[in-house]
Every structure is written in structure tokens, then in C-alpha cells.
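Per our numbering, residue 69 is the first one in the sequence shown, and the count goes up by one each step.
Here a beta-carbon is modelled for each residue, glycine too, at the ideal position from N, C-alpha and C.
Working notes, beginning with the structure itself.
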Amino acid sequence: MMIDSDTLPKIATVLEKLAEYIENVEASKVAEVINKKTAAAKALADKLSTATGEDIDENVVQKLAELDPEVAAMIGKFAGDATSVDSMGGPEEGRTEKTASAGDSADARFIGWVTGP
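Shown next, in the form of C-alpha cells:
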């Protein structure tokens, strides 16, 4: 079976178009994966920003997008679901006993211990 000289360029054209199609499909798949990773990295950066109170630079977001998914999940757990930066001090909440009455009851216990039953 002989292929004439007009058929070979047609076959080459079909193969080139097939290669372009496959390249476009693969490029769109890669772009979709990159978009998903970038969206996940932005969500992680928002969590970190909320937890630390600092803005996250776009370069850091790109580095977060390149992380292994397990590492990103671990960092996300550390960031937690913080809504704001917690204060590192302040009054204790929920105290039911006033300071003066605490002192009075301590005095009464001490006097009871000294005088005996």
C-alpha cells in the first residue's frame, strides 16, 4: 500500500491539530488546578491574617499555594477559626465572689481554725 504525496501533508495537518487540541485541554486542566490551589491558599491566608492580626503578602499567598496539601491543612489547623486576636491580659470573666466577701470568708475560716470546733 502506497500513500501518495498529497495524503502525507493532510495527515501531518490532522496530527498537528490533534496535538494543539490536546495541548489546549491539558493547559485548561493545569489552569483549573492552579486556580483551585490559589483559592485555597487565599482562604488559608485569610485565616492566618485573622489569627495573627497581620496582612498576608501576595508572595506569601503564592508560597502557600505551592505547599503540600497535608502541610497546608496542618497550618490551617494552627490558624483555627479565630475571629479576632485575643487579648493577652485583663480581668477574669465570670467571677461570682467579690474580693471583700472573699476576704471576709477567709478571715472567718481562719478564726474558726484557731478557736477550734
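Could you give the residue range of the alpha helix (DSSP H) that holds residue i?
i: residue 70; result: No alpha helix (DSSP H) contains residue 70, which DSSP labels as neither H nor E.
i: residue 135; result: No alpha helix (DSSP H) holds residue 135; DSSP gives it neither H nor E.
How close, in whole Å, do the beta carbons of residue i and residue j come, if the pair is a contact with beta carbons under 8 Å?
i: residue 119; j: residue 148; result: 6 Å
Can you check which of these residues, the options, is closest to residue i by C-alpha distance?
i: residue 110; options: 127, 181 and 142; result: 127
i: residue 112; options: 100, 125 and 101; result: 125
i: residue 106; options: 132, 85 and 82; result: 132
i: residue 137; options: 104, 121 and 123; result: 104
Can you find the residues in the same chain that come closer than 7 Å, C-beta to C-beta, to residue i, ignoring five residues on each side of it along the sequence?
i: residue 115; result: 144 and 147
i: residue 170; result: none
CB-CB under 8 Å to residue i, same chain, minus the five flanking residues each way: which ones, in chain order?
i: residue 135; result: 109 and 143
i: residue 140; result: 108, 109, 112 and 132
For residue i and chain C, any beta-carbon pair shorter than 8 Å?
i: residue 184; result: Among the protein chains of the structure shown there is no chain C, as only one such chain exists.
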